[in-house]
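Residue numbers (full-length UniProt numbering): 1 to 276.
A virtual CB, placed ideally from N, CA and C, is assigned to each residue, including glycine.
Please read all numbers here as calculations on a predicted model, not as lab measurements.
So the structure is just underneath, and the comments pick up after that.
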Amino acid sequence: MGSASVVSAAARRLQGKVALITGGARGIGEGTARLFSKHGAKVLIADIKDDLGESVCQDIGSSPSSTNGCSYVHCDVTKEKDIENAVNTAVSQYGKLDIMFNNAGTVDEAKPNILDNDQAEFERILSVNLVGAFLGTKHAARVMKPAGRGSIISTASVAGVIGGAATHAYTSSKHGVLGLMKNTSVELGRFGIRVNCVSPYLVSTPLAKDYLKLDDDGLGGMYSNLKGAVLEPEDVAEAALYLGSDESKCVSGHNLVVDGGFTIVNAGFSMFGKSE
Numbered sequence: 001m002g003s004a005s006v007v008s009a010a011a012r013r014l015q016g017k018v019a020l021i022t023g024g025a026r027g028i029g030e031g032t033a034r035l036f037s038k039h040g041a042k043v044l045i046a047d048i049k050d051d052l053g054e055s056v057c058q059d060i061g062s063s064p065s066s067t068n069g070c071s072y073v074h075c076d077v078t079k080e081k082d083i084e085n086a087v088n089t090a091v092s093q094y095g096k097l098d099i100m101f102n103n104a105g106t107v108d109e110a111k112p113n114i115l116d117n118d119q120a121e122f123e124r125i126l127s128v129n130l131v132g133a134f135l136g137t138k139h140a141a142r143v144m145k146p147a148g149r150g151s152i153i154s155t156a157s158v159a160g161v162i163g164g165a166a167t168h169a170y171t172s173s174k175h176g177v178l179g180l181m182k183n184t185s186v187e188l189g190r191f192g193i194r195v196n197c198v199s200p201y202l203v204s205t206p207l208a209k210d211y212l213k214l215d216d217d218g219l220g221g222m223y224s225n226l227k228g229a230v231l232e233p234e235d236v237a238e239a240a241l242y243l244g245s246d247e248s249k250c251v252s253g254h255n256l257v258v259d260g261g262f263t264i265v266n267a268g269f270s271m272f273g274k275s276e
């Protein structure tokens, strides 16, 4: 990966910081864990995919770009005790928590007709995507308040910005994540805690490829406004890096959209047409 290159000590943007990343065993979370470590952070990966998570941590720990190591904790984000334990583990192992990245998420089967949608499946998606972000924010705030600082980042989606981009459950969950971010940024600002979201379009992750039954080329060929740019996990990781670093010290309550201009274009009507 590109994130494996060595960054000089002076250029490390997260030097001395501690980050907890849910859903960190693969995809966006894995890319972010690697990038955060490269920039000097101590990283705790929280996931339900134990073998993958342990493997990523071992790889990060053995990388020449890492001087801080990486550890793993099993965490089902729908269970408050798991989230509480993950946050407590970060503090007990590294002494503090500077960055909470609520990244764990899931998708459901595409059923465009709402009459075909099942309540249990709808609630499952909200439980992972929205309740997981709520619990992560809650317990991060618990340990960040006494410290008087911190950055909480949640992975939302372009589906939380516009309609018609995903299923009813997924779209509802991501709109909820944005609402949660806005409300908590107001509450937690007086404690020096910043709360933001990063909203990607289709990213070339195992989850996206399995769901859409497409390879990297197929995903790259899907509609985008920015010719020649294919969104990869590392691009979203770079956005999270900015929001977690001191460079964004005055940024809170913001949704950083990473979509190549997708959300500004009405695909059904455009006077400019598509590039040849």
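> Under 8 Å between the Cβ atoms of Pro233 and Glu30?
Replying inline: In the sequence shown, counting from the first residue as 1, residue 233 sits at position 233. In the sequence shown, counting from the first residue as 1, residue 30 sits at position 30. Taking the C-beta atoms as reference points, Glu30 is found nearer than 8 Å to Pro233.
> Considering Leu135, what are the terminal residues of the beta strand (DSSP E) in which it resides?
Replying inline: Along the sequence shown, one-based indexing puts residue 135 at 135. According to the DSSP assignment, Leu135 belongs to no beta strand (DSSP E) but to the alpha helix (DSSP H) extending over Gly132 to Ala147.
> For Lys42, does the count of other Cβ atoms within 10 angstroms reach 16, so buried, or fall short, so exposed?
Replying inline: Looking up residue 42 in the sequence shown gives position 42. Classification of Lys42: buried, given that the 10 Å Cβ count is 16 or more.
> Who are Asn196's beta bridge partners in DSSP?
Replying inline: Taking the sequence shown and counting its residues from 1, the one referred to as residue 196 is at position 196. Answer is Ile153.
> What is the DSSP secondary structure of Leu126, reduced to helix, strand or coil?
Replying inline: As a position in the sequence shown, residue 126 is number 126, starting the count at 1. Reduced to three states, the DSSP call for Leu126 is helix.
> Excluding sequence positions up to five away, which residues of its chain have a Cβ less than 7 Å from the Cβ of Cys57?
Replying inline: Counted from its first residue, the sequence shown places residue 57 at position 57. Non-local beta-carbon contacts of Cys57 in its own chain, meaning distances under 7 Å to residues more than five positions away in sequence, involve Ile45, Cys70, Ser71 and Tyr72 in chain order.
> With respect to the beta strand (DSSP E) encompassing Phe101, which residues constitute its N-terminal and C-terminal limits?
Replying inline: By one-based count along the sequence shown, residue 101 stands at place 101. Phe101: member of the beta strand (DSSP E) spanning Ile99 to Asn102, first to last residue.
> Would you report the Cα separation of Val158 and Val143, rounded to the nearest angstrom?
Replying inline: If you number the sequence shown from 1, residue 158 lands on position 158. If you number the sequence shown from 1, residue 143 lands on position 143. Straight-line measurement puts the Cα of Val143 at about 30 Å from the Cα of Val158.
>> The beta strand (DSSP E) that contains Thr22, what's its start and end?
In response: Position 22 of the sequence shown, counted from the start, is the residue given in the question as residue 22. Looking at the DSSP string, the run of the beta strand (DSSP E) that includes Thr22 is Val18 to Thr22.
>> Between which residues of its own chain and Phe122 is the CB-CB distance below 6 Å, once the five residues before and five after are set aside?
In response: For the purposes of this step, residue 122 is identified with residue 122 of the sequence shown, where counting begins at 1. The residues Ala169, in chain order, have a CB closer than 6 Å to that of Phe122 in the same chain once the five nearest residues on each side in sequence are set aside.
>> Short of 6 Å in beta carbon distance, which residues of its chain neighbour Leu243, apart from the five on each side in sequence? Order them along the chain.
In response: The residue labelled residue 243 in the question sits at position 243 within the sequence shown. Within the same chain, and ignoring the five residues on either side of Leu243 in sequence, the residues whose Cβ sits closer than 6 Å to its Cβ are Ile153 and Asn196.
> Straight-line CA distance for Gly132 to Thr171?
Replying inline: Translated into positions along the sequence shown, residue 132 becomes position 132. Translated into positions along the sequence shown, residue 171 becomes position 171. Straight through space, the alpha carbons of Thr171 and Gly132 are spaced by roughly 15 Å.
>> Between the stretch 240 to 259 and the stretch 182 to 197, can you find at least three pairs of beta-carbon atoms closer than 8 Å?
In response: Output reads yes: the stretch 240 to 259 touches the stretch 182 to 197.
> Where Leu256 and Arg13 are concerned, what is the direct C-alpha to C-alpha distance, given to the nearest angstrom?
Replying inline: Counting from one through the sequence shown, the residue named residue 256 turns up at place 256. Counting from one through the sequence shown, the residue named residue 13 turns up at place 13. Spanning the two alpha carbons is a distance of roughly 18 Å.
> Exposed or buried, which one is Gly16 when buried takes at least 16 other CB atoms within 10 Å?
Replying inline: As a working mapping, residue 16 is identified with position 16 in the sequence shown. With fewer than 16 Cβ atoms within 10 Å of its Cβ, Gly16 is classed as exposed.
> Along the chain, which unbroken stretches of the beta strand (DSSP E) at least 3 residues long are found entirely within the stretch 53 to 96?
Replying inline: Contiguous beta strand (DSSP E) elements confined to the stretch 53 to 96 occur at 70 to 74, taking only those with 3 or more residues.
>> So for Ile264, helix, strand or coil by DSSP?
In response: Working through the sequence shown from its first residue, we reach residue 264 at position 264. Looking at Ile264 - three-state DSSP - the assignment turns out to be helix.
> Who pairs with residue 300 in a beta bridge, going by DSSP?
Replying inline: A question about residue 300 goes unanswered here, because the residues of the chain that appear run from 1 up to 276.
> Would DSSP call Ile45 helix, strand or coil?
Replying inline: For the purposes of this step, residue 45 is identified with residue 45 of the sequence shown, where counting begins at 1. In the structure shown, the three-state DSSP call for Ile45 is strand.
> Contact check, Ile28 vs Ala237 under 8 Å by CB: the rounded distance?
Replying inline: The count along the sequence shown starts at 1 and reaches residue 28 at position 28. The count along the sequence shown starts at 1 and reaches residue 237 at position 237. Ile28 to Ala237, Cβ: 7 Å. Contact.
> Which of helix, strand or coil does DSSP assign to Val177?
Replying inline: Residue 177 sits at position 177 when you count from the first residue of the sequence shown. Taken through DSSP and simplified to helix, strand or coil, Val177 comes out as helix.
>> Between which residues of its own chain and Leu180 is the CB-CB distance below 8 Å, once the five residues before and five after are set aside?
In response: For this step, residue 180 is matched to residue 180 along the sequence shown. Excluding residues within five positions, the ones whose Cβ falls inside 8 Å are Leu130, Ala133, Phe134, Thr137 and Ser154.
> Quick one: what's got a C-beta closer than 8 Å to Glu247's C-beta in the same chain, skipping five residues either side?
Replying inline: Indexing the sequence shown from 1 puts residue 247 at position 247. Counting only Cβ-Cβ distances below 8 Å, and skipping sequence neighbours, we find Arg13.
> For Asp108, is the classification buried or exposed, using 16 other Cβ atoms within 10 angstroms of its Cβ as the cut-off for buried?
Replying inline: Start at 1 with the first residue of the sequence shown, and residue 108 comes out as number 108. Classification of Asp108: buried, given that the 10 Å Cβ count is 16 or more.
>> My assumption, with CB atoms under 8 Å, is that Phe101 sits in contact with Leu231. Please give the rounded CB distance.
In response: Mapped onto the sequence shown, residue 101 falls at position 101. Mapped onto the sequence shown, residue 231 falls at position 231. Separation of the CB atoms of Phe101 and Leu231 is rounded to 18 Å, and the pair is thereby denied contact status at 8 Å.
> So who's on the other strand from Asn255, going by DSSP bridges?
Replying inline: Residue numbering aside, residue 255 sits at position 255 when the sequence shown is read from its first letter. Beta-bridge pairing links Asn255 to Cys197.
> Taking C-beta to C-beta, are Gly23 and Asn85 nearer than 8 Å?
Replying inline: By one-based count along the sequence shown, residue 23 stands at place 23. By one-based count along the sequence shown, residue 85 stands at place 85. By the CB criterion at 8 Å, Gly23 and Asn85 fall outside the cutoff.
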